[in-house]
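Asks: Residue numbering for the sequence shown follows this note's numbering, starting at 2 and increasing by one per position.
Every residue, glycine too, gets a C-beta built ideally from N, C-alpha and C.
All values reported here derive from a predicted model rather than from experimental measurement.
Before anything else, here's the structure in question.
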Amino acid sequence: MNRLAYLIVTLSTFTVTQAACSSDDDAAGEDETSTETGAEAGAESDSDDASTDGDTAFVDALLSGMWAEDISVSVETDTIVFSGDGYPNHDVLEAYALMDQSTIGVAASDTTFTIPRVPEYSETVTDTGLGTIGLAISGGVYFNPYEGDGTSVALDSNFDVGGIPFLDACNGHPLPTGSTYHYHGVPYCITDVVDTDGAHSSVIGVLLDGFPVYGPNGEDGSAETDLDECSGHDGPTPEFPDGIYHYHLMETSPYSVTCYHGVVDDAGGGMGPPPGELSLIHI
Ligand SMILES: [Zn+2]
Ligand SMILES: [Zn+2]
2 MNRLAYLIVT LSTFTVTQAA CSSDDDAAGE DETSTETGAE AGAESDSDDA STDGDTAFVD
62 ALLSGMWAED ISVSVETDTI VFSGDGYPNH DVLEAYALMD QSTIGVAASD TTFTIPRVPE
122 YSETVTDTGL GTIGLAISGG VYFNPYEGDG TSVALDSNFD VGGIPFLDAC NGHPLPTGST
182 YHYHGVPYCI TDVVDTDGAH SSVIGVLLDG FPVYGPNGED GSAETDLDEC SGHDGPTPEF
242 PDGIYHYHLM ETSPYSVTCY HGVVDDAGGG MGPPPGELSL IHI
């Protein structure tokens with residue numbers, strides 16, 4: 002389907018490589034082409050530092066998922082920066098119900114989402130905050146289970162206004178401003194496309210700590226049951242056959258992820274803005 006086109010893969014080492022080849026037009030041209038067509042270009046340009054091989058393998062595996070074509074990705078020295086317009090690449094409803102009984106449609110959101118280039122597991126967990134906790138391959142984002150009051154579980158609080166629902170069939174909806182289309186549970190419009198019967202779910206995004214997130218299915222294709230307090234576990238996935246710590250969104254409570262088991266940047270922290278001022282932007 003819509004494989005990520007790796008629109009922008011910028012590695013500082015690539016810049017050096019390109020500059021070094023600038024006296025040879027043909028060689029420089031080949032480097033540019035390979036950079037635009039896949040993350041392998043990054044692997045080739047990392048030849049100056051063997052210790053980054055593992056880093057590149059993580060980036061390649063994460064980006065091998067079916068990311069929306071309009072998500073741009075920039076691989077920096079220590080981070081991976083995603084950007085998009087906030088619209089998911091699947092159908093959304095014309096309108097969504099709001100608590101005040103009004104309705105709102107989905108609006109664009111300038112999205113910049115930064116994760117560590119290599120996620121780091123932490124024995125200490127960090128609660129996920131309100132606001133964006135992860136980026137979906139669709140271009141939408143993930144929230145924890147709760148609405149703006151911090152206690153109402155979105156999936157348990159669904160309602161409608163004249164037949165217009167609060168959450169759609171993808172467990173998603175926008176903020177009351179219309180921006181920041183986000184999921185509070187399994188995004189069925191994504192998992193229905195990427196998951197394979199009888200197999201572990203396929204990657205559906207990444208959380209702020211850099212660890213990937215999946216639909217409900219474990220290795221045998223049925224709902225994973227052996228999960229920690231953050232709805233995660235260590236094991237093989239289609240993109241990481243050698244195993245990686247990863248999260249599962251589940252059809253049962255808590256539906257989404259309530260804590261990170263990876264190190265999260267203090268600046269981003271996963272602690273969203275206060276209720277009423279929710280913003281998509283993770284700085
Ligand atoms: Zn919500
Ligand atoms: Zn798993």
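Leaving out the 5 sequence neighbours to the left and right, which residues in its chain are closer than 7 Å to G179 when beta-carbon positions are compared?
Replies: What you label residue 179 is simply residue 178 of the sequence shown in a count that begins at 1. Closer than 7 Å at Cβ, skipping near neighbours: I105, G106, V107 and A108.
Asks: Below 6 Å CB to CB, which residues in the same chain sit around S110 once its five sequence neighbours on both sides are set aside?
Replies: To locate residue 110, count along the sequence shown from 1; it is residue 109. Hits under 6 Å: G87, S180, T181 and L281.
Asks: For the alpha helix (DSSP H) holding V195, just list the boundary residues, first then last.
Replies: Stepping through the sequence shown from its first residue, residue 195 is reached at position 194. Run containing V195: Y189 to V195, per the alpha helix (DSSP H) assignment.
Asks: May I ask whether a heavy atom of ligand 1 can be found less than 7 Å away from the beta carbon of F160?
Replies: Mapped onto the sequence shown, residue 160 falls at position 159. False, no ligand heavy atom lies under 7 Å from that Cβ.
Asks: In whole angstroms, what is the alpha-carbon distance linking V258 and A98?
Replies: Counted from its first residue, the sequence shown places residue 258 at position 257. Counted from its first residue, the sequence shown places residue 98 at position 97. Roughly 24 Å separates the two Cα atoms.
Asks: Between V265 and the rest of its own chain, which residues show a CB-CB distance below 6 Å, the 5 nearest in sequence each way excluded?
Replies: Taking the first residue of the sequence shown as position 1, residue 265 is located at position 264. Here the set comprises T127, L209, D210 and G271.
Asks: Could you check whether the Cβ of E225 sits closer than 7 Å to any heavy atom belonging to ligand 2?
Replies: Locating residue 225 in the sequence shown gives position 224, where the first residue counts as 1. Yes.
Asks: Per DSSP, what are the beta-bridge partners of P117 in this structure?
Replies: Residue mapping note: residue 117 aligns to position 116 of the sequence shown, counting from 1. Answer is T80, bridged to P117.
Asks: Is the beta carbon of P146 closer than 8 Å to that of L136?
Replies: By one-based count along the sequence shown, residue 136 stands at place 135. By one-based count along the sequence shown, residue 146 stands at place 145. No. Outside cutoff.
Asks: Closer than 7 Å: is that where the CB of T192 sits relative to any heavy atom of ligand 2?
Replies: The count along the sequence shown starts at 1 and reaches residue 192 at position 191. Answer for T192: no, Cβ out of range of ligand 2.
Asks: Would F114 be called buried (16 or more neighbouring beta carbons within 10 Å of its own) or exposed?
Replies: For this step, residue 114 is matched to residue 113 along the sequence shown. That one is buried.
Asks: Taking the Cβ atom as the reference point for each residue, do D227 and H262 lie within a distance shorter than 8 Å?
Replies: Here residue 227 corresponds to residue number 226 of the sequence shown, with the count starting at 1. Here residue 262 corresponds to residue number 261 of the sequence shown, with the count starting at 1. The answer is no: Cβ separation not under 8 Å.
Asks: Please report the distance separating the alpha-carbon of I191 from that of P217.
Replies: Stepping through the sequence shown from its first residue, residue 191 is reached at position 190. Stepping through the sequence shown from its first residue, residue 217 is reached at position 216. The straight-line gap from Cα to Cα measures roughly 12 Å.
Asks: Using the Cα positions of P275 and G151, report the straight-line distance between them to the nearest angstrom.
Replies: Sequence index remark: in the sequence shown, residue 275 carries index 274 (1-based). Sequence index remark: in the sequence shown, residue 151 carries index 150 (1-based). Because P275 carries a pLDDT of 36, less than 50, the predicted location of this residue cannot be relied on, and no value is offered for it.
Asks: Which residues are close to ligand 1, meaning CB closer than 6 Å to any heavy atom, in chain order?
Replies: Every residue passing the under-6 Å Cβ criterion appears here: F144, E148, A155, H174, H183 and H185.
Asks: Could you have a look at V265 and say whether DSSP puts it in helix, strand or coil?
Replies: In the sequence shown, residue 265 corresponds to position 264, counting from 1. Note: V265 maps to coil in three-state DSSP.
Asks: With DSSP collapsed to three states, give me the class of G60.
Replies: Numbered from its first residue, the sequence shown carries residue 60 at position 59. Contrary to the premise, residue 60 reads as Val rather than Gly in this sequence. V60 falls in the helix class under three-state DSSP.
Asks: Give me the Cα-Cα distance between V207 and G163, rounded to the nearest whole angstrom.
Replies: On the sequence shown, position 206 is the one that residue 207 refers to. On the sequence shown, position 162 is the one that residue 163 refers to. One C-alpha to the other measures close to 35 Å.
Asks: Is G219 near ligand 2, judged by its Cβ being under 7 Å from some heavy atom?
Replies: Here residue 219 refers to the residue found at position 218 of the sequence shown. Within the cutoff, so yes.
Asks: Alpha carbon to alpha carbon, how far is C260 from C231?
Replies: Residue 260 sits at position 259 when you count from the first residue of the sequence shown. Residue 231 sits at position 230 when you count from the first residue of the sequence shown. Those two C-alpha atoms are separated by around 5 Å.
Asks: Have a look at S254, D92 and S84 and flag the residue whose alpha-carbon is nearest the alpha-carbon of I72.
Replies: Here the question's residue 72 lines up with position 71 in the sequence shown. It is S84.
Asks: Identify every run of the alpha helix (DSSP H) within the segment 184–254, keeping only runs that are complete inside it and at least 4 residues long; order them along the chain.
Replies: If we require 4 residues or more, the alpha helix (DSSP H) runs fully inside the segment 184–254 come out as 189–195.
Asks: Return the CA-CA distance between A96 and Y256, expressed in angstroms with no decimal places.
Replies: Within the sequence shown, residue 96 is the residue found at index 95, counting from 1. Within the sequence shown, residue 256 is the residue found at index 255, counting from 1. Taking the straight line joining both Cα atoms gives about 23 Å.
Asks: Please classify D128: does DSSP put it in a helix, a strand, or coil?
Replies: To locate residue 128, count along the sequence shown from 1; it is residue 127. Correct three-state label for D128: strand.
Asks: Can you tell me the Cβ-Cβ gap for P89 and S139, rounded? I've got them flagged as a contact below 8 Å.
Replies: Taking the first residue of the sequence shown as position 1, residue 89 is located at position 88. Taking the first residue of the sequence shown as position 1, residue 139 is located at position 138. Contact holds; Cβ gap of about 4 Å.
Asks: Rounding to the nearest angstrom, what Cα-Cα distance links D196 and Y122 in this structure?
Replies: What you label residue 196 is simply residue 195 of the sequence shown in a count that begins at 1. What you label residue 122 is simply residue 121 of the sequence shown in a count that begins at 1. Taking the straight line joining both Cα atoms gives about 26 Å.
Asks: Let me know the secondary structure DSSP gives L156 once reduced to three states.
Replies: Indexing the sequence shown from 1 puts residue 156 at position 155. Helix at L156.
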